[in-house]
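Colleague:
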Amino acid sequence: LGSCTECGEALHSLPKQDLRGTVLRLPDDQVRSDTLAEYPSLAELARYARDSDPPQCAQVRAADKAFYIFTSGTTGLPKASTMSHLRWLKSMTGIGGLGVRLRPSDTLYCCLPLYHNNALTVSLSSVLSAGATLALGRSFSVSRFWSEVVRTEATAFVYIGELCRYLLNAPEKPAEREHQVRVVVGNGLRPEIWTEFTRRFGIRRVAEFYGASECNLAFINALNLDRTAGITPLPFAVVAYDPVTEQPVRTPAGRLRKVKTGEIGLLLTKITHRSPFDGYTDPDATEQKVIRDAFKPGDAWFNTGDLVRKQGWNHVAFADRLGDTFRWKGENVATTEVEAALTEHPDIEQAVVYGVTVPGTDGKAGMAAVKLADGAKFDPAGVAAHLVQRLPGYAVPLFIRIIDEVQQTSTFKSRKVELRNEGFDAGKVSDPLYVLPSRETYVEFYPEYPGDVASGKVRI
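Heads up: the sequence shown begins at 1 in UniProt numbering, then just goes up one per residue.
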């Protein structure tokens with residue numbers, strides 16, 4: 001197992017007995033983590049390695065661990081989940097063979113880090129399934145992206161949602177229409193930018209998929225439909241959930257209730273011999289993700305923690321992370337929907353939405369941390385009008401915080417924990433902070449505002 005310095009903090013989740021002889025430090029200019037410094041350098045070991053094959057190789061079974069993959073760490077420290085050879089091979093056949101369908105003459109461009117599943121599993125397995133070529137970019141760069149795609153003669157590339165949004169926000173350049181890309185594969189392409197993205201860049205096929213580092217199945221848009229994460233042949237359920245406890249709702253009979261087509265619910269995937277749940281290195285963390293006796297005695301389901309829209313015909317569309325959704329005025333607020341509305345405003349480049357507690361109220365009020373576009377100034381009345389036109393009243397953020405940068409993981413997922421903990425506390429927040437006392441305009445935060453919200457004076 002090779003570990004980069006950015007993942008060093010996640011090694012705490014690996015059992016020590018599994019680390020002996022398996023963790024090697026990759027070459028780097030600087031070791032920025034004390035955790036990594038104790039492990040041997042791959043470069044040093046390679047210097048003294050034999051050129052010949054060993055006399056005997058260990059037998060590898062499909063159920064054996066192939067590698068550990070770290071979860072994103074958006075809600076805390078990353079956890080190490082186990083990737084077996086079997087699950088990796090399933091990605092090769094399901095996503096690579098059924099969804100991406102490369103040819104031997106194809107080249108897939110990947111600029112995501114190799115410790116991320118979209119690179120190490122999706123990209124590599126798709127290429128190997130076809131005998132195609134993998135072109136690795138050193139890192140993602142908006143300015144270099146299309147020129148590297150053209151230079152490598154790529155006919156496909158891998159993405160994550162925010163990468164697509166960054167490309168759309170960039171000024172047009174000739175290279176974005178000079179490429180040979182036929183298909184893209186990834187996850188998180190938001191419905192509101194799907195059509196604009198494919199039309200502007202001339203993308204003919206989008207192999208959007210749903211999956212997680214630890215999930216025991218994946219969905220793949222094999223039929224090239226719009227705004228869907230696709231289909232899976234393996235058993236799953238989309239069930240009603242309690243946004244407060246973040247757990248599935250059980251009927252008086254003790255069973256779960258599936259939502260209707262078109263509704264949003266919590267995605268569960270059935271744990272079977274064909275689709276086992278490999279879990280995490282921590283047995284307690286593994287058990288916490290398993291829902292038992294869901295529909296009949298003895299069954300077991302993996303709780304993905306993701307909300308999806310049940311589209312019918314075994315298709316789903318990703319909606320939100322369960323922990324990111326919050327409840328206000330008796331309604332569920334999907335943060336992705338609010339973030340999409342905010343970033344449609346020309347003055348707002350990025351937005352992170354989360355719920356905050358207002359004393360004296362039930363649920364959580366909406367708060368957004370936004371990064372303004374270069375040279376833009378916050379327009380309180382304009383932003384208020386923009387949001388009121390696009391969102392139901394309960395979803396319009398009551399608090400807006402102007403920040404210089406959106407803190408993200410290495411795969412562009414926003415870190416919300418610190419923002420949520422700081423809330424609108426004047427002792428913790430020095431950034432400009434605005435509140436919405438009416439539908440007409442945001443104003444600068446004033447100490448009486450939370451009380452006005454609790455007393456019902458604020459009505460949006």
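Note that beta-carbon positions come from the ideal geometry of N, C-alpha and C, so glycine has one too. All values derive from a computational prediction rather than experimental measurement.
#1: Start and end of the beta strand (DSSP E) containing Leu134?
#2: Which same chain residues end up closer than 7 angstroms to Arg87 when comparing Cβ atoms and leaving out the 5 residues on each side of it in sequence?
#3: State the beta-bridge partners of Ala317 as determined by DSSP.
#4: Expressed to the nearest angstrom, what Euclidean distance is found between the alpha-carbon atoms of Asp64 and His273?
#5: Given that a residue counts as buried once 16 or more other Cβ atoms are within 10 Å of its Cβ, and exposed if not, what is Cys215?
#6: Between the alpha carbons of Ala66 and Leu234, how many angstroms are there, rounded?
#7: On the DSSP bridge list, what partners appear for Asn332?
#8: For Gly393, count neighbouring C-beta atoms within 10 Å of its own C-beta (all shown protein chains included) and say buried if the count is 16 or more, exposed if not.
#9: Rounded C-beta distance between Asn117 and Ile160? I'm assuming under 8 angstroms.
#10: Please state the DSSP three-state secondary structure of Glu337.
#11: Assuming Val338 and Leu398 are in contact, meaning their beta carbons sit under 8 angstroms apart, how far apart are those beta carbons, in whole angstroms?
#12: Taking the beta carbon of Leu433 as the centre, do at least 16 other beta carbons fall within 10 Å, making it buried, or is it exposed?
#13: Just the Cα atoms here: how many angstroms apart are Arg205 and Val184?
#14: Between Leu322 and Asp299, how many whole angstroms is the CB-CB distance? I'm expecting something under 8 angstroms.
#15: Work out the CA separation of Val60 and Ser84 for me, nearest whole Å.
#16: Tell me the DSSP secondary structure of Ile95 in three-state form.
#17: With 16 as the cutoff for other CB atoms within 10 Å, does Leu168 come out buried or exposed?
#18: On a Cα-Cα basis, can you pick out the residue from Asp452, Cys57, Pro104 and Ser129 that is closest to Leu89?
#19: Return the first residue and the last residue of the beta strand (DSSP E) that Ser81 is part of.
#20: Rounding to the nearest angstrom, what Cα-Cα distance links Glu444 and Glu405 in this structure?
#21: What whole-angstrom Cβ distance do Asp226 and Thr195 have, given they're in contact under 8 angstroms?
#22: Short check: CB of Ala317 to CB of Ala229, under 7 angstroms?
#23: With a CB to CB cut of under 8 angstroms and the five nearest residues on each side skipped, what residues in its chain are close to Asp374?
#24: Is it a yes or a no for the stretch 163-180 touching the stretch 278-295, going by three-plus beta-carbon pairs under 8 angstroms?
#25: Helix, strand or coil for Cys111 per DSSP?
#26: Work out the CA separation of Arg420 and Val429 for me, nearest whole Å.
#27: Quick one, are the C-beta atoms of Leu136 and Cys164 less than 7 angstroms apart?
#28: From Tyr442 to Gly330, what does the alpha carbon distance come to, in whole angstroms?
#29: Output the distance between the C-alpha atoms of Val100 and Lys377, rounded to the nearest integer angstrom.
#30: Less than 7 angstroms separating the beta-carbons of Ile264 and Arg309?
#31: Which two residues bound the contiguous alpha helix (DSSP H) that contains Gly186?
#32: Expressed to the nearest angstrom, what Euclidean distance is found between the alpha-carbon atoms of Ser123 and Leu108?
#33: Is DSSP giving Ala395 helix, strand or coil here?
#34: I'd like the span of the beta strand (DSSP E) that includes Gln56, first residue to last.
#35: Judging by CA-CA distance, which residue of Phe424, Phe209 and Thr155 is the nearest neighbour of Phe201?
#36: State the DSSP-derived secondary structure class of Asp347, mapped to helix, strand or coil.
Modeller: The relevant details are as follows:
#1: Unbroken beta strand (DSSP E) run through Leu134: Thr133 to Leu136.
#2: In the same chain as Arg87, and ignoring 5 residues on each side of it, the C-beta atoms closer than 7 angstroms to its own belong to Asp278, in chain order.
#3: Beta-bridge annotation (DSSP): Ala317 is paired with Arg309.
#4: Each residue's alpha carbon lies about 15 angstroms from the other.
#5: By the 10 Å Cβ count, Cys215 comes out buried.
#6: Each residue's Cα considered, the two are about 22 angstroms apart.
#7: The partner list for Asn332 (beta bridge, DSSP) reads Arg327.
#8: Classification for Gly393: exposed.
#9: With a Cβ gap of about 10 angstroms, Asn117 and Ile160 do not count as contacting.
#10: Assignment of Glu337 by DSSP, reduced to helix, strand and coil, places it in the helix class.
#11: Actually they are not in contact, since the Cβ atoms of Val338 and Leu398 sit about 11 angstroms apart, beyond 8 angstroms.
#12: Around the Cβ of Leu433, a 10 Å sphere holds 16 or more other Cβ atoms; the residue is buried.
#13: Their backbone Cα atoms lie some 7 angstroms apart in a straight line.
#14: So it is not a contact: roughly 21 angstroms between Cβ atoms.
#15: Per the coordinates, the alpha-carbon of Ser84 lies some 11 angstroms from the alpha-carbon of Val60.
#16: Three-state DSSP puts Ile95 in a helix.
#17: Classified as exposed, Leu168 has fewer than 16 neighbouring CB atoms from the shown chains inside 10 Å of its CB.
#18: Checked all of Asp452, Cys57, Pro104 and Ser129; the closest Cα to Leu89 is Ser129.
#19: Element bounds for Ser81: Ala80 to Ser84.
#20: So the two alpha carbons sit approximately 20 angstroms from each other.
#21: The pair is a contact, with the Cβ atoms about 7 angstroms apart (cut-off 8 angstroms).
#22: Yes, Cβ-Cβ distance for Ala317 and Ala229 is below 7 angstroms.
#23: Answer for Asp374: Glu349, listed in chain order.
#24: Contact between the stretch 163-180 and the stretch 278-295 is not established, with fewer than three Cβ pairs separated by less than 8 angstroms.
#25: Coil at Cys111, not helix or strand.
#26: Distance between the alpha carbons of Val429 and Arg420 is about 11 angstroms.
#27: Taking 7 angstroms as the Cβ cut-off, Leu136 and Cys164 do not qualify as a contacting pair.
#28: Separation of Tyr442 and Gly330 (C-alpha to C-alpha, rounded to the nearest whole angstrom) is 23 angstroms.
#29: If I take the Cα positions, the gap works out to 42 angstroms.
#30: Their beta carbons are under 7 angstroms apart, which means Ile264 touches Arg309 by this criterion.
#31: Gly186 -> not in any alpha helix (DSSP H); beta strand (DSSP E) instead, spanning Val183 to Asn187.
#32: The alpha-carbon separation between Ser123 and Leu108 amounts to approximately 7 angstroms.
#33: Residue state, collapsed to three classes: helix.
#34: First-last for Gln56: undefined, no H or E at that position.
#35: Of the listed residues, the one whose Cα sits closest to Phe201 is Thr155.
#36: DSSP places Asp347 in coil when its eight states are reduced to three.
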